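>
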Amino acid sequence: MPTDDLAQFRRLCGQFRWLAVFMVCSVSAVLALMYVVAPTVAWSRGKFPADVWPIDLVEKAIWATPTLFYLYAVWSIGSAMGQVSRGRLIQPTLARALRHVGIALGLGGLLSVFGITNISRLIGASQGGYAYFDVAGMTLGMIGGALFLLGRVVDQADRIQAELDEMI
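Residues 808 to 975 (our numbering) are what the sequence shown spells out, left to right.
#1: Count the other CB atoms within 10 Å of the CB of R824; is the residue buried (16 or more) or exposed (fewer)?
#2: Taking the straight line between their C-alpha atoms, what separation do you get for L914 and F955?
#3: DSSP state of P846, grouped into three classes?
#4: Which residue from P873, L838, L813, R966 puts its Cα closest to that of A911?
#5: Counting pairs of beta carbons, one from the stretch 891-909 and one from the stretch 832-846, are three or more of them closer than 8 Å?
#6: Closer than 7 Å, CB to CB, is R824 near chain D or not?
#7: Could you tell me the alpha carbon to alpha carbon distance between M830 and G894, rounded to whole angstroms?
#8: So what does DSSP say about R893, is it helix, strand or coil?
#9: In whole angstroms, what separates the C-alpha of N925 from that of L826?
#10: Output the boundary residues of the alpha helix (DSSP H) element that contains M945.
#11: Given a threshold of 16 other Cβ atoms within 10 Å of its Cβ, counted over all protein chains shown, does T847 qualify as buried or as exposed?
#12: With a threshold of 8 Å on Cβ separation, who are the neighbours of I923 within its own chain once the five nearest residues in sequence on each side are excluded?
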């Protein structure tokens, strides 16, 4: 890659890192506002009946938990882009990012499809089936698993390349 193209690529990676940081911080702030600040203010003003609102709030927080995994995936991508922008080698950075993003998307998808409904049933907040037919969650879970496996393949390719380099 010519020097100008490499410098432009690193600059774009740095910009993408800041976009990921902005996204994670803004969505996290909205989640904190919805699940911490607003209920606390409402509780301090006496807007919630003491026997009803904790279960409702906990159920809403349970429904939001896959979002935390998805935000971690975005953070991992941003972190990898930041490392590449600072000159770190692409292959090890890519392998680590693929594994982290894969695990985060896979766990978020599994939680979205199987965890939310069953945890809600355990706390008595809802009744229903044992799985939530969430096509987006299923898709993200499958993509997460594939990315995790691709990260392992990239790691293996890096080790093989190091062996070949030693032979030469």
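C-beta: ideal position from N, C-alpha, C; glycine also.
Predicted model only: the values in this text are computed from it and were never measured.
In this structure, then:
#1: Under this definition R824 is a buried residue.
#2: Whole-angstrom Cα-Cα distance: 11 Å.
#3: In the structure shown, P846 falls within a helical segment according to DSSP collapsed to helix, strand and coil.
#4: Measuring from the Cα of A911, the nearest candidate turns out to be P873.
#5: Verdict: no, contact absent.
#6: The chain inventory of the structure shown lacks chain D, comprising one protein chain alone.
#7: Rounded to whole angstroms, M830 to G894 spans 23 Å at the Cα level.
#8: Three-state DSSP puts R893 in coil, outside helix and strand.
#9: As the crow flies, the alpha-carbon of N925 is around 35 Å from that of L826.
#10: For M945, the uninterrupted alpha helix (DSSP H) run begins and ends at 942-974, by DSSP.
#11: With fewer than 16 other Cβ atoms within 10 Å, it is exposed.
#12: Within the same chain, I923 has close Cβ partners I869, W870, T872, P873, Y939.
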